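In what follows, a single structure is set out as structure tokens and then discussed.
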Amino acid sequence: MAHISRGRVILGGLLAGLVINIFEYITNGVILGAAWGRAMQALGRPAQFHIGAIVVFNIWGFLLGIASVWLYAAIRSRYGAGSVTALRAGLAAWIIGSFLPNLASYPMGLSPLRLLVIATIVGVVEIAAGTLADAWLYKEDSVQVAKAATV
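The following block contains the structure:
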């Protein structure tokens, strides 16, 4: 079993996170921005997110990207390198990072169901796209692979 290349996980994770954050900005900032603003006002909060919230959202996107790439790297030895494995890793990351949190927040009634459903569906697309973007970038160090093969 080859060792995971931490540097490439970080680099690929940042790429995946960038893809996730672009999807998030277009979906939630541009397309659904007004709907999210109304939902926030219904909770007695300002319609516009302050810069601190936006920073946290972006950090979340990059951390989710890194986690999905780490998962891809971890399962490559079992499922093989490539897009199918990347999609498996992306699906697992989506379940943990998007689907389950959105499912858990639904009964609290903090967000309209329509927005949660859209965010959850876009989440699977953005995380899959980010993990796929990494699949062509991530490679384990050939020296480490050779050492692992001889052990």
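Going by our numbering, the first residue of the sequence shown is number 3, and it counts up by one from there.
Ideal Cβ positions, reconstructed from N, Cα and C, are used throughout, including at glycine.
All values reported here derive from a predicted model rather than from experimental measurement.
(message) Quick check on the burial criterion: 16 or more other C-beta atoms within 10 angstroms. Buried or exposed for residue 14?
(response) Within the sequence shown, residue 14 is the residue found at index 12, counting from 1. Buried, because 16 or more other Cβ atoms sit within 10 Å of the Cβ of residue 14.
(message) Using CA atoms only, rank isn't needed, just tell me which of 62, 45 and 128 is closest to residue 112.
(response) If you number the sequence shown from 1, residue 112 lands on position 110. The candidate whose alpha carbon is nearest that of residue 112 is 45.
(message) Beta-carbon within less than 7 angstroms of residue 41's beta-carbon, same chain only, minus the 5 sequence neighbours each way: which residues are those?
(response) Locating residue 41 in the sequence shown gives position 39, where the first residue counts as 1. The residues 113, 114 and 117, in chain order, have a CB closer than 7 angstroms to that of residue 41 in the same chain once the five nearest residues on each side in sequence are set aside.
(message) Assuming residue 43 is part of the alpha helix (DSSP H), what are its boundary residues?
(response) Taking the sequence shown and counting its residues from 1, one reaches residue 43 at position 41. Segment 35–44, the alpha helix (DSSP H) holding residue 43.
(message) Let's test the definition: count the other Cβ atoms within 10 Å of the Cβ of residue 57 and tell me whether it reaches 16, buried, or not, exposed.
(response) As a working note, residue 57 is residue 55 in the sequence shown. The residue is exposed, with fewer than 16 neighbouring Cβ atoms inside 10 Å.
(request) Leaving aside the five residues before and after residue 125 along the sequence, list all residues of the same chain whose C-beta is less than 8 angstroms from its C-beta, in chain order. (result) Residue 125 sits at position 123 when you count from the first residue of the sequence shown. Same-chain partners within the cutoff: 96, 99, 100, 101 and 104.
(request) Give the straight-line distance between the Cα atoms of residue 137 and residue 93, rounded to the nearest whole angstrom. (result) Here residue 137 corresponds to residue number 135 of the sequence shown, with the count starting at 1. Here residue 93 corresponds to residue number 91 of the sequence shown, with the count starting at 1. Residue 137 and residue 93: Cα-Cα distance of roughly 14 angstroms.
(message) Quick check on the burial criterion: 16 or more other C-beta atoms within 10 angstroms. Buried or exposed for residue 11?
(response) As a first step, residue 11 must be located in the sequence shown, where it is residue number 9. It is buried - the Cβ of residue 11 has at least 16 other Cβ atoms within 10 Å.
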